[in-house]
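Enquirer: Each residue of the sequence shown is one higher than the last, beginning at 21 in this note's numbering.
Ideal Cβ placement from N, Cα and C applies to all residues, glycine included.
Have a look at this one.
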Amino acid sequence: MKSLKGQLSIGIVCLALGLMLALQFRNVQNYGGIMSVQRAQELATELKQVKGQRDSLQQKVREYESRILQYEESAAKVSSVAEDMKKDLEKARLLAGLTDVEGPGITVTLTEAQPNQEFNVFYIHYDKLLRVVNELNSAGAEAISINEQRVIAMTEIRLAGSHININYQRFAPPFVFKAIGDPQTLEAALKLKGGIAEELEFYGISVTIKREQEVFIPRYSKVLEFKYAKPVIK
């Protein structure tokens with residue numbers, strides 16, 4: 021009997037312990053489940069925030085790419101305008117005689133046929149030098165020099181005492197013209213029947229014309245100043 025009671029007591033104790041362990045295990049499971057759900061919700065929220073930040077950054081990247089493209093297009097336009105302006109400036113400097121030039125053309129040397137004569141025919145007929153310049157211009161000369169002096173719109177060719185002034189410098193014979201253009205056309209313009217070459221020779225001036233594959237003409241060396249003329253802006 022005592023043995024039965026002892027066994028029942030042990031059984032009850034074991035049952036009680038089992039119930040207590042089961043309840044404790046269930047509580048732990050419930051607590052862990054609650055924690056897992058909360059953590060999952062937190063992670064989902066963080067993921068959503070990260071995705072939002074990513075989308076925002078991607079949008080900014082697209083905006084920056086668009087702005088960079090606009091800057092590149094603007095820079096290309098500015099570069100194109102600058103290049104056109106540079107070409108126009110170079111052309112203007114070329115036309116104004118402010119840059120050295122070279123190309124095919126002719127050289128024309130004028131000397132006295134009789135250098136020992138009592139008077140210098142150049143001083144009497146210095147205006148014929150202007151005729152040579154005019155004939156070369158009319159034949160399409162793109163650049164002209166006389167004794168290495170670039171002839172431009174403001175160049176003066178005038179008698180000054182016993183010398184001839186060209187670009188405010190004094191010169192005496194011989195006079196060497198250089199002209200860039202089509203050599204054949206330039207030469208033909210001077211050698212026309214009754215033209216300037218015949219006229220110069222008539223007055224005792226020797227004319228030597230030589231075609232050149234390469235003629236170098238220096239730029240106008242003086243400083244151009246305009247005190248009265250101003251550009252008209254419309």
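Quick check: ALA217 and LEU206, are their CB atoms within less than 8 Å of each other?
Expert: Cβ distance not < 8 Å, so ALA217 and LEU206 don't count as in contact.
Enquirer: Considering LEU210, what are the terminal residues of the alpha helix (DSSP H) in which it resides?
Expert: Segment 203-210, the alpha helix (DSSP H) holding LEU210.
Enquirer: For the alpha helix (DSSP H) containing SER158, list its first residue and its last residue.
Expert: Start and end: 147-158.
Enquirer: Quick check on the DSSP output: the beta strand (DSSP E) that includes PHE195 runs from which residue to which?
Expert: Unbroken beta strand (DSSP E) run through PHE195: 195-200.
Enquirer: Exposed or buried, which one is ARG113 when buried takes at least 16 other CB atoms within 10 Å?
Expert: Exposed, by the Cβ-count rule.
Enquirer: Find out if the Cβ-Cβ distance for the pair ALA208, LEU156 is shorter than 8 Å.
Expert: The answer is no: Cβ separation not under 8 Å.
Enquirer: Are TYR240 and ILE172 closer than 8 Å when you measure CB to CB?
Expert: Taking 8 Å as the Cβ cut-off, TYR240 and ILE172 qualify as a contacting pair.
Enquirer: Which of helix, strand or coil does DSSP assign to VAL243?
Expert: In the structure shown, VAL243 sits in coil (DSSP, three-state: anything other than H, G, I, E or B).
Enquirer: Whole angstroms are fine: how far does the CA of GLY123 sit from the CA of LEU150?
Expert: The straight-line gap from Cα to Cα measures roughly 23 Å.
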